[in-house]
Amino acid sequence: MQHAVGSPLPPPHQPGHGPAAGWSPAAQHPGPHHPGAHPGSAPAPQGPAGPPPGFAGAPTGPTAPHPPGHAPAPHHAVPHHAPPTPDTTGHVQLPPGGPVPMPSAPPTAGTPDPTSTTLAVLLIGPAGAGKTSVAKYWADHRRVPTAHISLDDVREWVRSGFADPQSGWNDHSEAQYRLARRTCGFAARNFLANNISCILDDAVFPDRPVVGLGGWKRHVGPGLLPVVLLPGLEIVLERNAERSGNRRLTDEEVARIHGRMAGWYGSGLPIIDNSQLDVPQTARVLDDVLARSIASPPQW
1 MQHAVGSPLP PPHQPGHGPA AGWSPAAQHP GPHHPGAHPG SAPAPQGPAG PPPGFAGAPT
61 GPTAPHPPGH APAPHHAVPH HAPPTPDTTG HVQLPPGGPV PMPSAPPTAG TPDPTSTTLA
121 VLLIGPAGAG KTSVAKYWAD HRRVPTAHIS LDDVREWVRS GFADPQSGWN DHSEAQYRLA
181 RRTCGFAARN FLANNISCIL DDAVFPDRPV VGLGGWKRHV GPGLLPVVLL PGLEIVLERN
241 AERSGNRRLT DEEVARIHGR MAGWYGSGLP IIDNSQLDVP QTARVLDDVL ARSIASPPQW
């Protein structure tokens with residue numbers, strides 16, 4: 001069984017913020033060429049000059065006189081492209097300007113059915129909690145189109161220059177985390193704007209506001225439904241031992257992460273202890289928790 005991963009432990013204190021790595025390319029739009037306007041330019045060719053191969057645009061400047069016996073080259077109209085219609089292949093609606101609203105409970109009496117409702121879910125938990133495995137299974141077995149977005153996967157889109165938090169949590173790794181979270185938020189809004197539910201997973205720390213729930217609410221919206229997966233320490237240690245590569249953490253790191261995740265108790269967020277549950281069972285419990293969250297949204 002594939003198990004979820006979580007980000008290594010960032011320090012509880014507030015670090016500084018590195019410089020923003022922004023760029024603002026300026027498009028170059030050359031104006032019409034006038035022979036002789038620039039010193040050192042090649043002299044204009046003598047005699048008539050036809051359009052170059054593939055030319056499809058009409059000349060914008062004055063044309064040179066044609067020698068006797070030569071007809072002017074025909075002008076070709078520039079084609080005008082109509083904007084894509086909604087049924088054009090590949091056309092999707094861009095996300096709305098506003099954040100994702102809170103899902104509304106159905107007007108009829110009874111418990112809402114989360115399996116047929118378009119939702120945005122944030123699955124929180126320590127490394128080894130089973131976030132990714134549960135999120136994938138839950139998304140695979142929904143009655144409505146559903147996407148899974150893993151923050152760890154998006155962070156690792158950066159290949160050269162990847163700031164691995166295992167090498168130290170610093171301004172560089174935090175900047176890449178923030179960038180990945182904004183990317184996840186944009187993707188979630190885009191999916192939801194096209195009536196596709198999404199479930200995101202991330203190791204959000206209750207004592208780390210700078211990379212906490214506030215950022216997810218900003219980038220997705222108040223309609224995001226957070227749920228915490230928090231099995232026992234021995235379970236996450238066992239699952240972590242099955243990993244390899246840069247996603248395997250030391251036992252000490254796993255224990256520290258798990259201890260800090262205990263801060264979610266008393267937060268008002270729903271918590272699922274999946275120590276004795278397999279992935280399908282946890283997904284069913286998640287549906288029950290989401291049904292209650294839709295009827296009475298958590299305050300966060």
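Under UniProt numbering, think of the first position of the sequence shown as 1, with each following residue one higher.
The C-beta atom is built at its ideal place from N, Cα and C for all residues, glycine as well.
Alpha helix (DSSP H) segment containing Pro-280, residue limits = 279-295
Asp-287 versus Gly-161 - alpha carbon distance | 39 Å
What is the DSSP secondary structure of Ser-150, counted as helix, strand or coil?
-> strand
So, are the CB atoms of Asn-274 and Val-254 less than 8 Å apart?
-> no
Residue span of the alpha helix (DSSP H) that contains Ile-196, given as start and end | Taken as a continuous stretch (DSSP letters only), Ile-196 belongs to no alpha helix (DSSP H), as it is neither H nor E.
By how many angstroms is the C-alpha of Val-154 removed from the C-alpha of Leu-123?
-> 15 Å
Which of helix, strand or coil DSSP assigns to Leu-229 = In the three-state reduction of the DSSP assignment, Leu-229 falls in the strand class, which pools E and B.
Whether Ala-139 touches Val-220 by CB criterion (8 Å) | no
Can you give the Cα-Cα distance for Thr-117 and Ile-199, rounded to whole angstroms?
-> 13 Å
Per DSSP, the bridge partner or partners of Asp-202 = Ile-124
Whose C-beta lies closer than 6 Å to the C-beta of Leu-151 among residues of the same chain, with five residues either side of it excluded?
-> Ala-180, Cys-184 and Asp-202
Less than 8 Å separating the beta-carbons of Leu-269 and Val-228?
-> yes
Can the beta-carbon of Ser-197 be found less than 8 Å from the beta-carbon of Val-279?
-> no
Of the choices Tyr-265, Pro-231, Gly-215 and Ser-173, whose alpha-carbon is the least far from that of Val-134?
-> Pro-231
One or two residues paired with Ile-271 in a DSSP bridge | Val-228
Are the beta-carbon atoms belonging to Asp-130 and Thr-282 less than 8 Å from one another?
-> It is Gly, not Asp, that sits at residue 130 in the sequence shown. Yes.
Answer yes or no: do Lys-217 and Leu-224 have a C-beta to C-beta separation smaller than 8 Å?
-> yes
Just mark Arg-284 as buried or exposed, buried being the case when its beta carbon has 16 or more other beta carbons within 10 Å.
-> exposed
Alpha-carbon to alpha-carbon, Gly-215 and Pro-206 | Their Cα atoms are separated by approximately 12 Å.
Determine the closest residue to Asn-193 out of Arg-178, Thr-146, Ala-163 and Leu-290, with distance taken between C-alpha atoms.
-> The question names Asn, yet the displayed sequence has Ala at residue 193. Answer by Cα proximity: Thr-146.
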